[in-house]
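S.K.: Handing you a structure now.
Numbering (this note's numbering), first residue to last: 148 to 438.
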């Protein structure tokens, strides 16, 4: 039998992408419908951010998360929900007084960043084990914050998808595992091509894979034009894949993706061409070690 490969669809993200591609979902209804369509196309897991419906900007409102989740669960109780905890992690120093927060800062407490996880209790939530330059801001996830967020996820019954953007992040994740904050077997997401993290190349993906704990389940993605090449490398290297309008707005050169489902369909084709098969939600739960 061919190996089962999990496809995760990252639906909307937090960057200013709705202005660049009208297919990027914004309202809770749009995000939920996009998730349902992606699931029909082969995504076993849907990765969820929410946006302010009026401004299209990223939001941390619990009510928006709850509406998206309720709409999905009302029509599809099988697809695996993966809620972000990345919101609330950006710091932009004030130009005149760098110790103070400037425009663009969202940095807040682990308790606030985790409140929707504790309320909704999804099977998966992301945990960005990374402090790094993120465009013109700092994405700040200190070890103490990560310990608290991991502990809160565990108490809520949500398995952290450990997002790593460079080799050092994997080493920090291993420490969190060794200290008991992250349960085994761990689940990793290798994130490539984000400025200024590890580049989206086959060599980088393989090197990061080889640094993961031996019992880890893992996925990988590249952003922009590297989305599908990195999906192919991940499948060939024994991993799982992530695609979606959070990471890439195009189906091909100069061709805007019409939907998240279209990106998932392309990923499913890649999986099948590489003699693997697309995992169902039930199979994804087993592969990812979900309770």
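In this text, a Cβ means the ideal position worked out from N, Cα and C, and glycines have one as well.
All of these numbers come straight from a predicted model, not from anything done at the bench.
CB-CB under 8 Å to residue 306, same chain, minus the five flanking residues each way: which ones, in chain order?
M.R.: Against the chain shown, residue 306 aligns to sequence position 159. Excluding residues within five positions, the ones whose Cβ falls inside 8 Å are 270, 271, 272, 300, 330, 334, 435, 436, 437, 438.
S.K.: Could you tell me the alpha carbon to alpha carbon distance between residue 229 and residue 214, rounded to whole angstroms?
M.R.: Mapped onto the chain shown, residue 229 falls at position 82. Mapped onto the chain shown, residue 214 falls at position 67. Cα to Cα, the separation comes out at about 15 Å.
S.K.: Which residues in the same chain as residue 100 place their Cβ atom closer than 8 Å to its Cβ, once the five residues preceding and following it in sequence are excluded?
M.R.: Residue 100 lies beyond the stretch modelled for the chain, which goes from 148 to 438, so this question has no answer here.
S.K.: By the 10 Å Cβ neighbour count, where 16 or more other Cβ atoms means buried, how is residue 394 classified, buried or exposed?
M.R.: To locate residue 394, count along the chain shown from 1; it is residue 247. Residue 394 is buried by the Cβ-count criterion.
S.K.: Under 7 Å between the Cβ atoms of residue 205 and residue 161?
M.R.: The residue you call residue 205 lines up with position 58 of the chain shown. The residue you call residue 161 lines up with position 14 of the chain shown. Annotated as proximal: residue 205 and residue 161, with beta-carbon spacing under 7 Å.
S.K.: Does residue 212 pass the burial test, meaning 16 or more other C-beta atoms within 10 Å, or should it be called exposed?
M.R.: Indexing the chain shown from 1 puts residue 212 at position 65. Classification of residue 212: buried, given that the 10 Å Cβ count is 16 or more.
S.K.: Hey, would you say residue 209 sits closer than 7 Å to residue 182, going by beta carbons?
M.R.: The sequence position of residue 209 within the chain shown is 62, counting from 1. The sequence position of residue 182 within the chain shown is 35, counting from 1. Cβ atoms of residue 209 and residue 182: not closer than 7 Å.
S.K.: My guess is that residue 310 and residue 277 are in contact by the Cβ rule of under 8 Å, so how many angstroms apart are they, rounded?
M.R.: Counting from 1 along the chain shown, the entry for residue 310 is found at position 163. Counting from 1 along the chain shown, the entry for residue 277 is found at position 130. That pair is a contact at about 7 Å.
S.K.: Would you mind reading off the limits of the alpha helix (DSSP H) that contains residue 175?
M.R.: Within the chain shown, the letter at position 28 stands for residue 175. 175 to 188 is the extent of the alpha helix (DSSP H) around residue 175.
S.K.: So what does DSSP say about residue 319, is it helix, strand or coil?
M.R.: Position 172 of the chain shown holds residue 319. Three-state result, residue 319: helix.
S.K.: Should residue 191 and residue 411 be called a contact, given that it needs their Cβ atoms to be closer than 7 Å?
M.R.: The sequence position of residue 191 within the chain shown is 44, counting from 1. The sequence position of residue 411 within the chain shown is 264, counting from 1. Their beta carbons are not under 7 Å apart, which means residue 191 does not touch residue 411 by this criterion.
S.K.: Give me whichever residues DSSP pairs with residue 307 in a beta bridge.
M.R.: The residue given as residue 307 occupies position 160 in the chain shown. DSSP lists 272 as partners of residue 307.
S.K.: Note down, in chain order, each residue of its chain lying with its Cβ closer than 7 Å to the Cβ of residue 235, except the 5 sequence neighbours on either side.
M.R.: In the chain shown, counting from the first residue as 1, residue 235 sits at position 88. 207, 253, 254, 255, 259, 260.
S.K.: Looking at the structure shown, is residue 194 part of a helix, part of a strand, or coil, going by DSSP?
M.R.: For the purposes of this step, residue 194 is taken as residue 47 along the chain shown, with counting starting at 1. The answer is strand: DSSP assigns residue 194 an E or B state.
S.K.: Should residue 194 and residue 155 be called a contact, given that it needs their Cβ atoms to be closer than 7 Å?
M.R.: In the chain shown, residue 194 corresponds to position 47, counting from 1. In the chain shown, residue 155 corresponds to position 8, counting from 1. Yes, these two residues count as a Cβ contact at 7 Å.
S.K.: Assuming residue 295 and residue 274 form a contact by the criterion Cβ under 8 Å, report the distance between their Cβ atoms to the nearest whole angstrom.
M.R.: Residue 295 sits at position 148 when you count from the first residue of the chain shown. Residue 274 sits at position 127 when you count from the first residue of the chain shown. Beta-carbon to beta-carbon, residue 295 and residue 274 are separated by about 11 Å, too far to satisfy the 8 Å threshold.
S.K.: Taking just the CA atoms, how far does residue 264 sit from residue 304?
M.R.: Position 157 of the chain shown, counted from the start, is the residue given in the question as residue 304. Position 117 of the chain shown, counted from the start, is the residue given in the question as residue 264. If I take the Cα positions, the gap works out to 9 Å.
S.K.: Got a sec, what are the start and stop residues for the beta strand (DSSP E) residue 425 sits in?
M.R.: If you number the chain shown from 1, residue 425 lands on position 278. Element bounds for residue 425: 423 to 425.
S.K.: Let's see if you can read the secondary structure: which residues bound the beta strand (DSSP E) around residue 388?
M.R.: Working through the chain shown from its first residue, we reach residue 388 at position 241. It spans 387 to 390 - the beta strand (DSSP E) in which residue 388 sits, taken as one unbroken run.
S.K.: Judging by CA-CA distance, which residue of 388, 407, 389 is the nearest neighbour of residue 397?
M.R.: On the chain shown, residue 397 is found 250 positions in, with the first residue counted as 1. Per the Cα distances, 407.
S.K.: Would you mind giving the Cβ-Cβ distance between residue 429 and residue 149, rounded to the nearest angstrom? I have them listed as a contact below 8 Å.
M.R.: In the chain shown, residue 429 corresponds to position 282, counting from 1. In the chain shown, residue 149 corresponds to position 2, counting from 1. Rounded, the Cβ-Cβ distance is 17 Å, inconsistent with contact.
S.K.: Residues in its own chain within less than 6 Å of residue 186 by CB, not counting five upstream and five downstream?
M.R.: Mapped onto the chain shown, residue 186 falls at position 39. So the list reads 223, 226, once near-sequence residues are dropped.
S.K.: Could you give the DSSP three-state label for residue 405: helix, strand or coil?
M.R.: Taking the chain shown and counting its residues from 1, the one referred to as residue 405 is at position 258. Taken through DSSP and simplified to helix, strand or coil, residue 405 comes out as coil.
S.K.: Assuming the contact rule is C-beta atoms closer than 8 Å, residue 297 and residue 328 should be a hit. Round their C-beta distance to whole Å, please.
M.R.: The residue you call residue 297 lines up with position 150 of the chain shown. The residue you call residue 328 lines up with position 181 of the chain shown. Rounded, the Cβ-Cβ distance is 4 Å, consistent with contact.
S.K.: DSSP puts residue 280 in a beta bridge; with which residues?
M.R.: Numbered from 1 along the chain shown, position 133 holds the residue referred to as residue 280. DSSP output for residue 280 lists 285 as bridge partner(s).
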